[in-house]
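Encoded as structure tokens, the structure appears first; notes follow it.
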Amino acid sequence: MIKFVLLLLCFASALSLSVSESKSVSVQPRAAESFSAGYIKMKTASNCSYLVLISTSCSSPKFTTDKIGIAFGDNKGNQVYVPRLDDPLSKTFEQCSSDSFQIDGACASPVCFLYLHRTGGEKGWEPETVKIFGYDSGPVTFTFKTPIPNDTWYGYNECQAPPPPSPSSSFQLSPHKWLMSLVLGFVVSLLL
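Residues in the sequence shown are numbered from 17 upward in steps of one, following our numbering.
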């Protein structure tokens with residue numbers, strides 16, 4: 017009888033694990049689903065300095081006069097936004113080149129999302145990589161190797177969701193686990 021109950025518990029655990037939801041992280045840049053730079057606010061009063069190094073691909077046009085913006089931050093809501101990085105007169109973002117920018121903004125650590133925004137009539141500006149050197153963590157590199165679409169926030173969001181509240185503050189089971197617990201309880205009550 018005890019062996020049967022243990023076998024049943026193992027089966028229920030295995031079934032519950034197989035039904036668990038999984039999330040995949042994209043390894044390619046993509047358009048942001050719901051990102052608006054207009055809503056960016058600093059959460060802290062202190063500012064931090066960043067060095068942002070953008071390498072333009074050799075597949076990119078010789079130069080661009082498009083307006084290039086950047087937004088990056090962490091999973092705690094600290095975000096940095098610069099509406100225009102480039103200076104068309106200085107030929108920023110030339111083909112096969114790297115440009116560096118000193119940016120001050122909210123203290124984000126570690127940086128886990130980065131979006132670029134291109135506005136203009138030209139096509140084809142293609143960043144190779146964007147590397148951010150933060151104030152208290154190692155550099156973070158985002159690889160693009162693809163043209164940035166016009167008038168779209170385009171890039172990466174690899175931020176993990178904030179941790180759930182502690183079990184003492186709220187106890188909730190997912191619908192699948194709740195159902196498995198109910199079935200398991202019913203079966204055990206029939207056996208006893």
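For every residue, glycine included, the Cβ atom is placed at its ideal position computed from N, Cα and C. What you are looking at is a predicted structure, and each value in this text was computed from that prediction instead of being measured.
Is DSSP giving residue i helix, strand or coil here?
i             : result
serine 114    : strand
serine 62     : coil
serine 106    : helix
tyrosine 172  : strand
threonine 162 : coil
aspartate 167 : coil
threonine 81  : coil
serine 75     : coil
On the DSSP bridge assignment, give the partners of residue i in chain order.
i             : result
alanine 87    : Tyr97, Tyr131
threonine 157 : Lys147
aspartate 120 : Ser65
Quick one, which of the options has its alpha-carbon nearest residue i's?
i                : options                      : result
proline 77       : Lys83, Asp90, Glu110         : Glu110
tyrosine 66      : Pro45, Gly89, Ile84          : Gly89
proline 126      : Leu132, Gln44, Glu144, Cys64 : Cys64
threonine 81     : Gly136, Ser62, Ser114        : Gly136
serine 75        : Ile164, Gly171, Trp169       : Ile164
phenylalanine 79 : Pro99, Tyr131, Tyr97, Gly140 : Gly140
How long is the line joining the alpha carbons of residue i and residue j, rounded to whole angstroms?
i              : j                 : result
serine 174     : leucine 105       : A small correction: the amino acid at residue 174 is glutamate; serine does not occupy that position in the sequence shown. Roughly 34 angstroms separates the two Cα atoms.
glutamate 142  : tyrosine 170      : 12 angstroms
leucine 31     : threonine 145     : Unreliable positioning characterises leucine 31 in this predicted model, as indicated by a pLDDT of 36, which lies under 50. The coordinate reading is nonetheless provided below. Leucine 31 and threonine 145: Cα-Cα distance of roughly 43 angstroms.
serine 113     : serine 62         : 33 angstroms
isoleucine 84  : valine 68         : 13 angstroms
asparagine 166 : phenylalanine 129 : 19 angstroms
aspartate 115  : lysine 92         : 28 angstroms
threonine 162  : isoleucine 70     : 13 angstroms
glycine 72     : lysine 107        : Here the sequence assigns threonine to residue 72, which means glycine is not the residue at that position. Spanning the two alpha carbons is a distance of roughly 12 angstroms.
By a C-beta neighbour count over all protein chains shown, 10 Å radius and 16 as the cutoff for buried, is residue i buried or exposed?
i             : result
glutamine 87  : As written in the sequence, residue 87 is alanine, which differs from the glutamine given in the question. Per the 10 Å Cβ criterion, buried.
glycine 121   : buried
tyrosine 151  : exposed
serine 190    : Because the pLDDT at serine 190 is just 46, under 50, the model does not fix this residue reliably, and the value given afterwards should be weighed accordingly. By the neighbour-count rule (16 or more Cβ atoms within 10 Å), serine 190 is not buried but exposed.
proline 45    : buried
aspartate 103 : exposed
arginine 134  : buried
glutamine 176 : exposed
glutamine 95  : buried
serine 38     : Note on serine 38: pLDDT 28, under 50, position unreliable in the model; the coordinate value appears next. It counts as exposed.
leucine 124   : Per the sequence shown, the amino acid found at residue 124 is alanine instead of leucine. It counts as buried.
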